[in-house]
Amino acid sequence: MGVLPCADCDGIQTRLQLHGDEGERRYELEETYLGAAGDNVFVTEGEWVRETRRGDGTEATVYRLDPQGPDRWFELRPDGSLEMLDGEGRPLDGALAYRLQRL
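Heads up: the sequence shown is residues 1 to 103, going by the working numbering.
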């Protein structure tokens, strides 16, 4: 869980739950766009896969949401947090601002 940067709101409160490890792997991603006009909540669900390389080829444990759709990538960091990567699986600038902490 964490608050990710947002270009036109106060931040995106993000909660990602990964279910299953072997067999069926499902996720639930809840994103609350924080702002003066009220908080808008979006929930998406789907499948995830674990990969051993980022999009740039660097070895890492990476969770890829909806591998058949638009790519959303999260890298598992040594402290247990997940760092959001760009649409091609590469690190974003200002990486500390794009981290979700494990609850």
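For each residue, glycine too, the CB sits at the ideal point set by N, CA and C.
In this text, all values refer to a predicted model and were calculated from it rather than measured experimentally.
Residue 37 versus 22, 48, 11, residue with shortest Cα-Cα distance
11
Taking only the alpha-carbon atoms, compute the straight-line gap between residue 87 and residue 6 and give it to the nearest angstrom.
16 Å
Counting C-beta neighbours from all protein chains within 10 Å, is the total for residue 82 16 or more, i.e. buried, or is it exposed?
buried
Helix, strand or coil: which one does DSSP assign to residue 97?
helix
Mapping DSSP to helix, strand and coil, what is residue 7?
coil
Straight-line CA distance for residue 29 to residue 93?
22 Å
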